[in-house]
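J.: As given, the protein sequences belong to chains X and E, one line each in that order.
Position 161, counted from 1, in the first sequence is what UniProt numbering calls 161; the numbers after and before it change by one each time, with no gaps.
Position 204, counted from 1, in the second sequence is what UniProt numbering calls 204; the numbers after and before it change by one each time, with no gaps.
Each residue gets a CB set at the ideal place from its N, CA and C atoms; glycine is no exception.
This structure is a prediction, so every number in the text was calculated from the model and none was measured.
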Amino acid sequence: MADSRDEPLVLGIETSCDETGVGIVRGTTLLADAVASSVDEHARFGGVVPEVASRAHLEAMVPTIDRALKEAGVSAKDLDGIAVTAGPGLAGALLVGVSAAKAYAYALGKPLYGVNHLASHICVDQLEHGPLPEPTMALLVSGGHSSLLLSSDITSDVRPMGATIDDAAGEAFDKIARVLNLGFPGGPVIDRYAREGDPGAIAFPRGLTGPRDPAYDFSFSGLKTAVARWIEARRAAGEEVPVRDVAASFQEAVVDVLTRKAVRACKDEGVDHLMIGGGVAANSRLRALAQERCEAAGIRLRVPRPKLCTDNGAMVAALGAEMVARNRAVSGWDLSADSSLPVTDPHVPGHGHDHDHVHEVSKENLYS
Amino acid sequence: MLLLALDTATPAVTVALHDGTDVIASSSQVDARRHGELLLPAVDRVLAEAGLGLDTVTGIVVGIGPGPYTGLRVGLMTADTFGLALGVPVHGVCTLDGLAYAADIEKGPFVVATDARRKEVYWARYADSRTRLTDPAVDRPADIAEQVAGLPAVGAGALLYPDVFPGVHEPEHVSAAALASLAAERLAAGEELPAPRPLYLRRPDAQVPKNYKVVTPK
Ligand SMILES: [Zn+2]
């Protein structure tokens with residue numbers, strides 16, 4: 001490997017949902033991953049409240065940048081670029097991060113890279129398992145997304161294979177946890193209860209797995225309703241709800257469909273690597289079943305450690321470093337947050353003005 | 001002294017440079033939906049006009065609202081981050097105070113009102129352009145009609161409700177130039193300016209979900 005000192009030193013900022021993340025990487029090496037979460041403030045609402053998240057981002061940003069720099073032991077002036085999640089995500093929350101990143105890059109005289117949140121979720125695996133194989137199939141599952149993506153170059157080519165047609169996988173976990181009165185967020189607690197339950201106890205439906213259904217799309221809404229009805233029927237009959245078996249059977253239905261479709265997509269496309277990212281990738285049963293099925297199909301599975309699967313700044317920095325390394329166009333000072341940034345845009349290039357002379361940029365350039 | 005002032009608490013995206021004596025460059029655009037896009041290019045333009053780099057700035061002044069939250073945060077986050085990167089102090093100024101100062105009214109009382117949306121205004125009463133009498137508040141114009149009756153009113157919030165604010169006084173929009181001048185004056189007098197923390201004045205909209213909804217058909 002080349003001297004890592006030659007690799008770009010990039011700071012990444014993530015604020016698309018309820019985590020204020022600031023990460024620092026040098027190339028594919030993780031140096032800092034500072035995260036401040038407002039999850040506790042959302043718990044009593046049973047979901048993320050956008051305005052609460054935005055307020056928390058503003059409060060947390062400067063201390064979190066400070067913490068990341070200390071953790072990495074680097075000086076801001078040595079950075080080679082600032083990357084930020086430009087979308088998709090909550091509009092108001094994204095805007096706080098984009099504002100911070102623009103101001104930071106401008107004040108330090110560094111190039112700015114507005115990048116895609118989903119591509120970042122894929123790219124983060126470089127920090128764990130080294131450069132991404134090209135192409136890579138990626139299964140992204142969280143409270144906000146459930147997508148199957150194929151990428152031959154994470155800085156320029158991300159192709160959507162499939163996505164959820166209704167709820168995100170993580171949302172289904174939250175909803176079932178609420179029905180079972182287990183609190184928010186639902187993912188970790190369902191996982192915990194499921195470990196002591198029987199995944200075969202109740203045959204819950206597998207959405208969109210019929211022969212005529214779209215091969216790579218997901219649906220979790222029907223499953224969610226089926227589980228809720230099953231629980232209600234027990235309650236109505238005055239029977240005790242077997243929480244562990246319900247959790248295990250529900251979880252099995254979700255991860256069965258996710259892994260089955262991901263492995264099938266790999267086989268159909270002749271891709272021998274699958275990466276799984278997003279908050280639901282922390283689920284122990286998803287990891288185990290994916291491992292089992294990938295092994296059987298001769299596919300190499302890459303799943304980053306749980307802290308890198310949930311939203312964080314390091315993933316944004318990882319993609320930013322790749323943008324620098326591959327000489328991708330920088331973003332303009334008029335970069336805006338785009339809550340529905342298409343997954344096919346790994347970054348948001350500007351209009352061609354030169355960041356090397358940030359203080360001399362003329363006003364004509366800015367609007368060209 | 002070189003102050004960079006900015007305010008995004010209202011539809012105006014406004015930036016100014018102040019050298020302790022005078023405003024040396026400024027920019028104001030009115031566009032309630034593009035604070036995020038417009039602010040940094042405006043900062044860049046103002047610095048270019050003055051022929052100065054951001055690293056020569058000795059302090060940041062930012063309008064802390066009250067104002068609609070999403071836009072308000074753009075200015076505050078930008079100011080905070082400039083402060084961090086440059087290692088200079090960040091001073092807050094109430095956005096309504098900026099409007100009062102720009103109105104240049106020596107003898108009040110008068111009132112400043114900005115649009116708070118949802119049929120409400122952000123407002124405060126002033127004795128003169130430099131002296132605020134009440135804490136900024138958010139109310140429906142009809143509910144404060146008695147308190148503001150007969151007073152001249154400054155700001156776009158007053159223009160929206162002519163029944164309640166018949167005597168409208170210039171200016172309509174806040175300018176960072178006024179904010180910077182006010183801050184420079186106060187700093188020179190040895191006064192301390194408020195911390196750059198947002199005046200939201202409303203709690204976040206957050207619906208606590210009702211008890212779990214039964215999905216079984218009856
Ligand atoms: Zn995410």
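Report yes if the C-beta of S339 (chain X) is less than 7 Å from at least one heavy atom of ligand 1; otherwise report no.
T.: If you number the first sequence from 1, residue 339 (chain X) lands on position 339. Flag unset: Cβ of S339 (chain X) not near ligand 1.
J.: Shorter than 8 Å from the beta carbon of E120 (chain E) to some beta carbon of chain X?
T.: In the second sequence, the residue the question calls residue 120 (chain E) occupies position 120. No - not a single Cβ of chain X is within 8 Å of the one on E120 (chain E).
J.: Looking at S142 (chain X) and G23 (chain X), is the spacing between their C-beta atoms short of 8 Å?
T.: Position 23 of the first sequence, counted from the start, is the residue given in the question as residue 23 (chain X). Position 142 of the first sequence, counted from the start, is the residue given in the question as residue 142 (chain X). In this structure, S142 (chain X) does not lie closer than 8 Å to G23 (chain X) by Cβ.
J.: Starting from T29 (chain X), follow the alpha helix (DSSP H) in both directions and report where the run begins and ends.
T.: As a first step, residue 29 (chain X) is located in the first sequence; it is residue number 29 there, counting from the start. No alpha helix (DSSP H) contains T29 (chain X), which is instead part of the beta strand (DSSP E) from 29–37.
J.: Should V224 (chain X) go down as buried or exposed, given a rule of 16 or more other Cβ atoms within 10 Å for buried?
T.: One-based indexing of the first sequence puts residue 224 (chain X) at position 224. In the sequence as displayed, the identity of residue 224 (chain X) is Lys instead of Val. So K224 (chain X) ends up on the buried side.
J.: Ends of the beta strand (DSSP E) at T136 (chain X)?
T.: Translated into the one-based positions of the first sequence, residue 136 (chain X) becomes position 136. Per DSSP, T136 (chain X) belongs to the beta strand (DSSP E) from 136–141.
J.: Around the Cβ of T131 (chain E), are there at least 16 other Cβ atoms within 10 angstroms (buried) or fewer (exposed)?
T.: Looking up residue 131 (chain E) in the second sequence gives position 131. With fewer than 16 Cβ atoms within 10 Å of its Cβ, T131 (chain E) is classed as exposed.
J.: Mind pulling the chain X residues with CB within less than 7 Å of D74 (chain E)?
T.: Position 74 of the second sequence, counted from the start, is the residue given in the question as residue 74 (chain E). Here the sequence assigns Val to residue 74 (chain E), which means Asp is not the residue at that position. The answer, in chain order, is L95, S99.
J.: Ligand 1 and G187 (chain X): does any heavy atom of the ligand fall closer than 7 Å to the residue's C-beta?
T.: By 1-based counting over the first sequence, the position of residue 187 (chain X) is 187. False, no ligand heavy atom lies under 7 Å from that Cβ.
J.: For chain E, check one thing: does any of its Cβ atoms lie closer than 8 Å to the Cβ of Y113 (chain X)?
T.: Here residue 113 (chain X) refers to the residue found at position 113 of the first sequence. Cβ-Cβ to chain E under 8 Å: no for Y113 (chain X).
J.: Could I get the ranges of all uninterrupted beta strand (DSSP E) runs contained in the segment 231–295 of chain X, with 3 residues as the minimum, in chain order?
T.: Entirely contained in the segment 231–295 of chain X, the beta strand (DSSP E) runs reaching 3 residues are, in chain order, 273–277.
J.: Between L90 (chain X) and chain E, is there a C-beta pair that is closer than 8 Å?
T.: Against the first sequence, residue 90 (chain X) aligns to sequence position 90. Not one chain E Cβ lies under 8 Å of L90 (chain X).
J.: What's the gap between the Cα of D7 (chain E) and the Cα of L54 (chain E)?
T.: Along the second sequence, one-based indexing puts residue 7 (chain E) at 7. Along the second sequence, one-based indexing puts residue 54 (chain E) at 54. Cα to Cα, the separation comes out at about 17 Å.
J.: Quick check on S54 (chain X) - is its C-beta less than 8 Å from some C-beta in chain E?
T.: The residue you call residue 54 (chain X) lines up with position 54 of the first sequence. With 8 Å as the cut-off, S54 (chain X) counts as an interface residue toward chain E.
J.: Report all residues for which the CB-ligand distance to some heavy atom of ligand 1 is below 5 Å; order them along the chain.
T.: Listed by chain position, these are X:S142, X:D311.
J.: Indicate whether at least one CB of chain E lies closer than 8 Å to the CB of I65 (chain X).
T.: Your numbering for residue 65 (chain X) matches position 65 in the first sequence. Yes, contact with chain E.
J.: Only counting runs of 3 or more residues, tell me where the beta strand (DSSP E) segments fall wholly within the UniProt domain "Gcp-like" (32–145) of chain E, in order along the chain.
T.: With a minimum length of 3 residues, the continuous beta strand (DSSP E) runs that stay inside the UniProt domain "Gcp-like" (32–145) of chain E are 59–63, 90–93, 110–115, 121–128, 137–139.
J.: So, is S75 (chain X) buried or exposed, given that buried needs 16 or more other C-beta atoms within 10 angstroms?
T.: As a first step, residue 75 (chain X) must be located in the first sequence, where it is residue number 75. Exposed, by the Cβ-count rule.
J.: Considering just the uninterrupted stretch of the beta strand (DSSP E) at A12 (chain E), what are its terminal residues?
T.: Translated into the one-based positions of the second sequence, residue 12 (chain E) becomes position 12. Where A12 (chain E) is concerned, the enclosing beta strand (DSSP E) stretches over 12–18.
J.: Indicate whether C266 (chain X) and M137 (chain X) have their beta-carbon atoms separated by less than 8 Å.
T.: Taking the first residue of the first sequence as position 1, residue 266 (chain X) is located at position 266. Taking the first residue of the first sequence as position 1, residue 137 (chain X) is located at position 137. It is a contact, given that the beta carbons lie within the stated cut-off.
J.: Work out the CA separation of A325 (chain X) and V271 (chain X) for me, nearest whole Å.
T.: For this step, residue 271 (chain X) is matched to residue 271 along the first sequence. For this step, residue 325 (chain X) is matched to residue 325 along the first sequence. So the two alpha carbons sit approximately 25 Å from each other.
J.: According to DSSP, simplified to helix, strand and coil, what is E192 (chain E)?
T.: Counting from 1 along the second sequence, the entry for residue 192 (chain E) is found at position 192. Three-state result, E192 (chain E): coil.
J.: Out of E:G36, E:A48, E:F82, point me to the one whose CA is closest to P72 (chain E)'s CA.
T.: Residue numbering aside, residue 72 (chain E) sits at position 72 when the second sequence is read from its first letter. Note that residue 72 (chain E) is Leu in the sequence shown here, rather than Pro. Taking only the C-alpha atoms, the option nearest L72 (chain E) is E:G36.
J.: I want to verify the contact list: residues of chain X whose CB lies under 9 Å from the CB of F82 (chain E), in sequence order.
T.: To locate residue 82 (chain E), count along the second sequence from 1; it is residue 82. Ordered by position in chain X, the residues that pass the 9 Å Cβ test against F82 (chain E) are A103, Y104, Y106, A107.
J.: What in chain E is Cβ-close to D334 (chain X), meaning under 8 Å?
T.: What you label residue 334 (chain X) is simply residue 334 of the first sequence in a count that begins at 1. Within 8 Å Cβ-Cβ: E37, L38, L40, P41.
J.: Write down every uninterrupted run of the alpha helix (DSSP H) in the segment 51–125 of chain X whose length is 4 residues or greater and which is fully enclosed by it, in chain order.
T.: Taking only runs of at least 4 residues, the alpha helix (DSSP H) segments lying wholly in the segment 51–125 of chain X are 91–108, 117–123.
J.: Between the segment 297–313 of chain X and the segment 335–345 of chain X, do at least 3 Cβ pairs fall closer than 8 Å?
T.: Too few Cβ pairs lie closer than 8 Å, so no.
J.: Between the segment 113–128 of chain E and the segment 146–166 of chain E, do at least 3 Cβ pairs fall closer than 8 Å?
T.: Taking 8 Å as the limit for Cβ pairs, the verdict is that the segment 146–166 of chain E does touch the segment 113–128 of chain E.
J.: With a Cβ-Cβ cutoff of 8 Å, do L39 (chain E) and H18 (chain E) count as a contact?
T.: Stepping through the second sequence from its first residue, residue 39 (chain E) is reached at position 39. Stepping through the second sequence from its first residue, residue 18 (chain E) is reached at position 18. Contact: no.
J.: Using the C-alpha atoms, what's the distance from L151 (chain E) back to D18 (chain X)?
T.: In the first sequence, residue 18 (chain X) corresponds to position 18, counting from 1. In the second sequence, residue 151 (chain E) corresponds to position 151, counting from 1. Whole-angstrom Cα-Cα distance: 44 Å.
J.: Bridge partners for E128 (chain X) per DSSP, in chain order?
T.: Stepping through the first sequence from its first residue, residue 128 (chain X) is reached at position 128. DSSP output for E128 (chain X) lists no bridge partner at all.
J.: Using the C-alpha atoms, what's the distance from K110 (chain X) back to H357 (chain X)?
T.: Reading the first sequence from its first residue, position 357 is the one you call residue 357 (chain X). Reading the first sequence from its first residue, position 110 is the one you call residue 110 (chain X). Its pLDDT being 39, under 50, H357 (chain X) is placed unreliably in this model, and the value from its coordinates should be taken loosely. Cα-Cα distance, rounded: 9 Å.
J.: Mind checking if F220 (chain X) is an interface residue toward chain E, Cβ cutoff 8 Å exclusive?
T.: Here residue 220 (chain X) is taken as the residue at index 220 of the first sequence, counted from 1. So, not an interface residue.
J.: Determine, using beta carbons only, whether T78 (chain E) comes closer than 8 Å to chain X.
T.: Start at 1 with the first residue of the second sequence, and residue 78 (chain E) comes out as number 78. Yes - at least one Cβ of chain X is within 8 Å of the one on T78 (chain E).
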